[in-house]
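Have a look at the structure below, then the notes.
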Amino acid sequence: MDNEQLMKSRHSMAHVLAKAILKWDPNAKLTIGPAIDNGFYYDFDMKTISPSDFAEIEKTMQKIINSNEPFVRKEVSKKEALELFKNNEYKTEIINELPENETISIYYTGDDFFDLCRGPHVENTSKLQNMGFKIAKVAGAYWRGSEKNKMLQRIYVYAFENKKALAEYVKLMEEAAQRDHRKLGKDLGIFMFSDLVGKGLPMWLPNGFTIRRELSDYIMNKELKLGYKHVMTPSLATVDLYKTSGHWDHYHEDMFPSMKRDDDEYVLRPMNCPHHMMIYKNFLHSYKDLPLRMAEIANDFRFEGGGSLCGIERARAFTQNDSHIFCRPDQIASEVENVIKLILDVYKDFGFTKYSFRLSLRDENNAEKYFGNDDLWEKSESALRKILQDSGAEFYEAKGEAAFYGPKIDVQVRSALGHDVTLSTVQLDYQLPEKFELEYIDENDKKVRPVVIHRAILGSLDRFVAFLLEETKGILPIWLCPVQVRVMNISDSQKEYAKSIYEKLFDANIRVNLDDRNEKIGYKIREANVNKVPYMIVLGDNEKDTNTLTVRMRGNKELKNITIDEFISILKEKIANKDRDV
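Just so you know, we're using this note's numbering here: the sequence shown kicks off at 76 and counts up by one.
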């Protein structure tokens with residue numbers, strides 16, 4: 076079945092669902108039900124539905140499919156359509172928005188069901204008999220996506236060309252559920268949300284803060300070695316700063332509302348480049364000073380719509396591993412190449428092997444989305460293209476994906492679930508130096524403009540942690556684990572020995588905790604496994620008497636009769652080498 080036929084079948088299945096819902100709740104009001112990539116959904120104003128009702132509705136859907144009911148199109152006038160749907164305010168709202176001379180079509184499924192629809196549909200329900208379908212979930216959805224409107228119930232249905240394809244997809248979704256960073260983050264005590272604090276505003280718990288701190292130290296140390304200078308700038312600024320940069324005109328709808336205090340108007344920052352432009356402008360620069368590599372672990376805020384929020388993957392408050400490189404035009408190629416080398420070095424540490432480079436260009440037909448003149452755009456796009464070509468890297472081009480001030484190289488990493496995720500980006504910018512009138516003194520003692528390279532390696536730390544959790548199912552490499560070792564005694568007689576082992580590990584800068592509760596050792600081990608602790612030291616009388624350790628590792632491997640010094644040496648080496656296995 077080709078994609079066009081599959082989407083037609085899914086759309087026809089949406090009518091089958093709607094007819095089944097009316098049998099389940101005769102007072103239900105239909106709204107819209109489009110086909111989507113994995114099936115379809117339909118929004119209803121009806122009595123509350125729960126997963127326990129799904130089987131009954133699926134059974135009714137199958138009966139409708141087996142009855143070989145035809146899909147019949149009928150064209151009606153606007154007046155006739157309004158009469159047909161006079162008891163459904165959602166349909167009449169849609170109809171009233173149509174031009175008077177618009178051709179309005181109604182599709183009948185059998186003699187007792189009709190719906191407002193453009194079509195097309197399959198000939199009759201028998202064409203749907205081989206399809207595999209399954210009600211996936213029900214969720215709340217505001218009518219037409221507006222919080223001012225009534226909350227409806229949206230039923231999502233998986234629908235594929237056959238039952239085998241459905242089963243494969245359901246298995247993939249079950250795998251996705253196990254990898255969902257929102258569940259893992261809650262189970263492992265990494266982050267939390269509170270509606271009282273605010274939607275999309277994550278709070279990092281002790282385990283999560285440890286992971287963030289390790290990531291921050293990791294990337295900052297790499298940057299320091301490469302000559303980056305770290306700065307710290309405030310999380311808000313005047314609106315005038317963003318008017319100067321151009322963000323206010325091109326991005327203010329995604330920013331939080333401004334705040335007026337005294338004679339100034341402030342706004343939470345969505346990005347850091349304007350602040351960094353001002354730091355650069357604070358000093359007089361010579362061509363000999365460049366490149367200047369400025370970096371920051373910076374907190375940013377963007378007002379994402381409620382429907383687009385997704386844990387820490389897409390939030391309203393997040394932290395960026397951001398950098399801006401101020402350089403001469405003749406330094407562009409080497410600086411971009413060095414950034415790409417840094418990206419690949421980081422990916423090697425994390426074991427990312429499936430990635431591709433995307434050259435994101437502007438869409439010249441959408442002039443409102445971008446600022447700057449054609450010459451600067453052509454110059455910057457050609458420069459990035461040539462760098463990729465000269466490096467021998469495989470890449471593809473994507474028109475319309477550029478930042479509004481310049482083209483960029485995005486690194487698309489393939490996730491364990493087969494999705495492409497943008498983790499790192501390199502952007503070339505001639506525009507902001509013009510906006511902020513940045514200068515340096517060249518070799519002829521003339522004031523000229525630098526070029527800015529915007530660069531993010533880990534990107535948003537929040538999104539990076541979400542990606543890691545889903546890639547590893549929460550089984551992080553030892554150097555990132557919030558707790559690297561848990562020490563457990565079997566009985567009270569080993570308490571003091573367990574405490575001494577804990578102290579030696581703590582003094583060796585190993586992240587360790589001590590579980591000396593009066594619980595059975597099996598219970599302690601199971602809890603440590605649930606917490607995904609990589610190393611568990613189990614101490615009984617034999618270990619205490621011989622001054623040794625028994626170490627259980629993830630995967631049920633064991634180290635026996637090992638001394639604490641030998642164990643610390645093993646751990647130190649694994650942490651230093653960024654080993655991904657225990």
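Glycine included, every Cβ here is placed at the ideal spot set by N, Cα and C.
Limits of the unbroken beta strand (DSSP E) element including residue i
i: R257; result: Where R257 is concerned, there is no enclosing beta strand (DSSP E), although the alpha helix (DSSP H) it sits in stretches over H256 to D262.
i: N564; result: V560 to N564
i: T500; result: D495 to D504
i: F470; result: F470 to K474
i: D485; result: K483 to R489
i: Y217; result: G207 to Y217
i: E150; result: F146 to V151
i: D590; result: V587 to D590
i: R627; result: L624 to M628
i: F189; result: F189 to L191
Per-residue DSSP class, three states only, for residue i
i: G29; result: In this structure the chain extends from 76 to 657, so residue 29 is not present and cannot be described.
i: E236; result: coil
i: V421; result: helix
i: F358; result: coil
i: K429; result: coil
i: D120; result: strand
i: M352; result: helix
i: S535; result: strand
i: M346; result: coil
i: N617; result: helix
i: E410; result: helix
i: V657; result: coil
i: P126; result: helix
i: P332; result: coil
i: N374; result: strand
i: Q253; result: helix
i: N396; result: strand
i: I96; result: helix
i: M136; result: helix
i: F401; result: strand
i: L280; result: coil
i: E175; result: coil
i: L247; result: helix
i: Y515; result: strand
i: K34; result: Residue 34 cannot be examined here, being either before or after the span of the chain that is shown, 76 to 657.
i: D449; result: helix
i: H325; result: helix
i: K548; result: coil
i: M307; result: coil
i: L81; result: helix
i: V526; result: strand
i: G108; result: coil
i: N199; result: strand
i: Q464; result: helix
i: K632; result: strand
Beta-carbon gap between residue i and residue j smaller than 8 Å
i: R561; j: D591; result: no
i: P349; j: Y303; result: no
i: K483; j: D438; result: no
i: I407; j: V526; result: yes
i: K83; j: V197; result: yes
i: G260; j: N396; result: no
i: R148; j: G194; result: yes
i: L463; j: Y480; result: no
i: M369; j: I354; result: yes
i: D654; j: I553; result: yes
i: V115; j: A234; result: Looking at the sequence provided, one finds Phe at residue 115 rather than Val. Yes, these two residues count as a Cβ contact at 8 Å.
i: V558; j: R586; result: yes
i: M628; j: V657; result: yes
i: D620; j: S568; result: no
i: P309; j: M330; result: no
Range covered by the alpha helix (DSSP H) that runs through residue i
i: I643; result: I639 to A651
i: S320; result: V314 to S320
i: G597; result: I596 to V605
i: T184; result: Run containing T184: none in the alpha helix (DSSP H); it sits in the beta strand (DSSP E), I179 to T184.
i: D670; result: Residue 670 lies beyond the stretch modelled for the chain, which goes from 76 to 657, so this question has no answer here.
i: K579; result: K570 to D582
Anticipated Cβ contact below 8 Å, residue i with residue j, distance rounded
i: E476; j: S435; result: 4 Å
i: F676; j: F511; result: Since the first residue of the chain shown is 76 and the last is 657, residue 676 is not available in this structure.
i: A93; j: D190; result: 6 Å
i: K166; j: F160; result: 4 Å
i: T106; j: S142; result: The Cβ separation is near 25 Å, so there is no contact.
Residue i CB to nearest heavy atom of the ligand MN below 7 Å
i: C192; result: Judged by which ligands are present, the structure shown has none, so any question about the ligand MN falls away.
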